[in-house]
Amino acid sequence: MNKFTPTKPAGARSVDDITGSRRLRRMRKADWSRRLVQENRLTVDDLIWPIFVVEGKDVREPIAAMPGVFRLSVDLAVKEAERAAKLGIPALATFPNVELGLRDQTGSHILDPENIINRASRAIKDAVPAIGIITDAALDPFTSHGHDGILRDGIIVNDETVEQVAAAAVIQAAAGADIIAPSDMMDGRIGAIRDALDANGFQDVAIMSYATKFASAFYGPYREAVGTAGLLKGDKKTYYIDHANSDEAVREAEQDIAEGADMLMVKPGLPYLDIIRRLKDEFQMPTFAYQVSGEYSMIKAAGANGWIDGEKAMLESLLAFKRAGCDGILTYFAPEVAEMLKG
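Counted the way this note's numbering counts, the sequence shown spans residues 11 to 353.
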């Protein structure tokens, strides 16, 4: 077989001629120089930790689809809030796993001031007053059908759902929630919640809008965590955004801002970095991403099988949110990352 030896073209330019002496590797040559020019950084201040609460005492139930994540009774949720505060995590987002006997067609148990989510808020706020508490006023953990709204004749009714979500938001604020983050995606919910909070003396309670919550395949492990996986009838495409659409996401965010949202959230996270960038560029609002359960579980599973370096993938994924324009990230990795950053 003939060996081919490339011939240098006559008069070939040097690399300095080609680049105009602009050698971009210069600042990559050492750790100190890479750190000096790093454009984005992940800090503990970027982290919001979603936790799951359940009835009982001293309960710490593992969630099979989310390795390292647990359902916690209120007493243990308080201990985890104390740990989060010591690590410097600014806020927790709490989600309930409600007993099946308390769920119904309308999700009426969400209006009980003594439901698990409100008891958790009070207990955490009493023990750790300096940590932020974010609650979701959506109905899906409270309904017998797993939908985010009231189901009538096979249809999720918008206006009746909004009325109930707004009432629930006031009850959650009274229990100690600092931010209401309604994930139901009903039309008008942000304005209705803002009006209800203001009318009841909660002008200082903020609203984090799930402005762009997409109809996604990445929510599966979460639904196991809150106990709706086997309950859901049909899908949520009549109220979540089509994942093919980005202009629609911008319009949703614009509407929520007009209704009084204080910050925006994109959910899921990594598959929607383009949406994060568009919203940040368009509105210059505090913008967050929810690195959802499916994203977390994929990294955990691949890491456990040795297919990727799970720790490096975790950090890379979180830094990607910062690069895309996020001011913060809701992530189940929060305590793990906070420990690393502290170390």
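The beta-carbon is built from N, C-alpha and C at its ideal position, and this holds for glycine as well.
The structure displayed is predicted, hence computed values, not measured ones.
- Between A225 and K243, the CB-CB gap reaches or exceeds 7 Å.
- A101 is not a Cβ neighbour of I200, given a cutoff of 7 Å.
- Inclusion of Y220 and S193 in the CB contact set at 7 Å is warranted, their separation being smaller than that value.
- Residue burial annotation: E326 is exposed, with fewer than 16 other C-beta atoms found within 10 angstroms of its C-beta.
- DSSP places M195 outside any beta strand (DSSP E), giving it a letter other than H or E.
- Ranked by Cα distance from G335, the options I189, D27, R51, A191 are led by R51.
- In the three-state DSSP reduction, A344 falls in the helix class (H, G or I).
- A residue is called buried when at least 16 other Cβ atoms come within 10 angstroms of its Cβ; N125 meets this threshold and is buried.
- I181 is not a Cβ neighbour of P231, given a cutoff of 7 Å.
- When only Cα atoms are considered, A330 and D55 end up about 16 Å apart.
- By the CB criterion at 7 Å, A179 and A130 fall outside the cutoff.
- Rounded to the nearest angstrom, the gap between the Cα atoms of V276 and M196 is 16 Å.
- With respect to the 7 Å criterion, A348 and I144 are not classified as neighbours on the basis of their beta carbons.
- Taken in chain order, the whole beta strand (DSSP E) runs of length 3 or more contained in the segment 261 to 291 are 273 to 277.
- By the C-beta criterion, the segment 147 to 165 is judged to be in contact with the segment 105 to 119, since at least 3 inter-stretch pairs fall below 8 Å.
- Contact between the segment 299 to 318 and the segment 338 to 347 is present, with at least three C-beta pairs closer than 8 Å.
- Exclusion of the five residues before and after A95 leaves V138, A140, I141 as the residues of its chain whose Cβ lies within less than 8 Å of its Cβ.
- In the three-state scheme derived from DSSP, where H, G and I count as helix and E and B as strand, F331 is classed as helix.
- When the alpha-carbon of V69 is set against those of W59, M76, V88, the nearest one is in V88.
- Exposure of P72 is indicated by the presence of fewer than 16 other C-beta atoms within 10 angstroms of its C-beta.
- Per DSSP, the unbroken beta strand (DSSP E) holding S219 starts and ends at 216 to 223.
- One alpha carbon belongs to D319, the other to A206, and they sit about 47 Å apart.
- Under DSSP, Y229 shares a beta bridge with no residue.
- In the DSSP assignment, W59 forms a beta bridge with L102.
- Beta-bridge partners of T297 (DSSP): L274.
- According to the DSSP secondary-structure assignment, D114 is paired through a beta bridge with T153.
- Fewer than three beta-carbon pairs drawn from the segment 30 to 43 and the segment 75 to 89 are found closer than 8 Å, and the two stretches are therefore not classed as touching.
- With respect to I190, I160 sits apart: the two C-beta atoms are not nearer than 7 Å.
- In summary, R288 is buried, with 16 or more beta-carbon neighbours lying within 10 Å of its beta-carbon over all protein chains present.
- The DSSP-derived three-state label of V108 is coil.
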